[in-house]
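Participant:
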Amino acid sequence: MPSYNTSELRKGLKVQIDGDPYLLVECNFVKPGKGQALYKCRLKNLIRGTTLDRTYKSGDSLDAADVEEIEAQFLYRQQDNFVFMDNASYEQYELTKDQLDDAWKYLKEGMICSMVLFNDSPITCAPPNHVNLKVTYCEPAVRGNTATNLTKPATVETGAEFICPAFIEMGDVLRIDTRTGEYIERVKE
């Protein structure tokens, strides 16, 4: 199994600790007055979502995680399970709502997502950075409220709720940033 030396540690690296895959979220290099250099790292468990703080000395090494990133198409939702298909092999994968975290809010049928596999089983899935979602319900706009920066909640076709400007009406299509969950703009279709 390949491994990384501490000098190769950087944000976004996927490593394996005690048999679990971790994502390196933060890595700070610290050189004390005397003694050897230290690497203070914050790691996120890709299966459970927990974080871990570890300090490594220069010269230490970490095993590379056996993770594979594939493109998968979202097929359908079945209660709290979401079914995806690998575009290359046509193999189907199921993820639960807990495994998807907030990503379920953006999933539309037929959408191409980036899925991470660990030992050939899916652990997470990320939708594209921007998605267009149709508003299925929101409070009607009040006349004269367009000049100020008023917001209101709007429910979209996936069942999720987003905060949007007061001028949005039912049937409008919103562009949402999936990384932050924020409204970007109203889209004309």
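Numbering-wise, the sequence shown is residues 1 to 189 according to the working numbering. Backbone N, C-alpha and C fix where the C-beta goes; we use that ideal spot for every residue, glycine too.
Just to confirm my understanding: we take residue 100, look at its own chain, exclude 5 residues before and 5 after, and list those with CB closer than 7 Å. What are they?
Facilitator: Taken in chain order, the residues that qualify are 82, 125.
Participant: Beta strand (DSSP E) containing residue 53: first to last residue?
Facilitator: 51-57 is the span of the beta strand (DSSP E), which, as asked, contains residue 53.
Participant: Counting pairs of beta carbons, one from the segment 61-68 and one from the segment 3-21, are three or more of them closer than 8 Å?
Facilitator: Yes: at least three Cβ pairs fall under 8 Å.
Participant: Do residue 70 and residue 87 have their beta-carbon atoms positioned less than 9 Å apart in this structure?
Facilitator: Contact: yes.
Participant: Can you tell me where the beta strand (DSSP E) with residue 117 in it begins and where it stops?
Facilitator: From DSSP, the beta strand (DSSP E) with residue 117 extends over 112-118.
Participant: Return the chain-ordered list of same chain residues with a C-beta closer than 8 Å to the C-beta of residue 10, the five sequence neighbours on each side being excluded.
Facilitator: Taken in chain order, the residues that qualify are 24, 27.
Participant: In terms of DSSP beta bridges, what is residue 96 paired with?
Facilitator: According to DSSP, residue 96 bridges with 81.
Participant: So what does residue 31 bridge to, in DSSP terms?
Facilitator: None; residue 31 has no bridge partner.
Participant: Run the CB neighbour count on residue 176, radius 10 Å, all protein chains shown included, and call it buried at 16 or more, exposed below.
Facilitator: Classification of residue 176: buried, given that the 10 Å Cβ count is 16 or more.
Participant: For residue 96 and residue 78, I'd like the C-alpha separation in whole angstroms.
Facilitator: About 10 Å.
Participant: Apart from the five residues on each side of it in sequence, which residues of its chain come closer than 7 Å, Cβ to Cβ, to residue 4?
Facilitator: Taken in chain order, the residues that qualify are 13, 15, 61, 62, 64.
Participant: Below 8 Å, how does it come out for the segment 147-157 and the segment 109-126: are there three or more Cβ pairs, yes or no?
Facilitator: Judged by Cβ distances under 8 Å, the segment 147-157 makes no contact with the segment 109-126, as fewer than three pairs qualify.
Participant: Roughly how many angstroms lie between the CA atoms of residue 187 and residue 156, to the nearest whole one?
Facilitator: When rounded, the distance between both Cα atoms is 14 Å.
Participant: If you run the structure through DSSP and keep just helix, strand and coil, what is residue 151?
Facilitator: Reduced to three states, the DSSP call for residue 151 is strand.
Participant: Of the residues 33, 35, 58, which one's Cα is nearest the Cα of residue 41?
Facilitator: It is 58 whose Cα lies nearest to the Cα of residue 41.
Participant: By the 10 Å Cβ neighbour count, where 16 or more other Cβ atoms means buried, how is residue 30 classified, buried or exposed?
Facilitator: Per the 10 Å Cβ criterion, exposed.
Participant: For the ligand ZN, I want to know if residue 114 counts as a neighbour, meaning its beta carbon is within less than 8 Å of at least one of the ligand's heavy atoms.
Facilitator: You won't find the ligand ZN in this model; it holds no ligand whatsoever.
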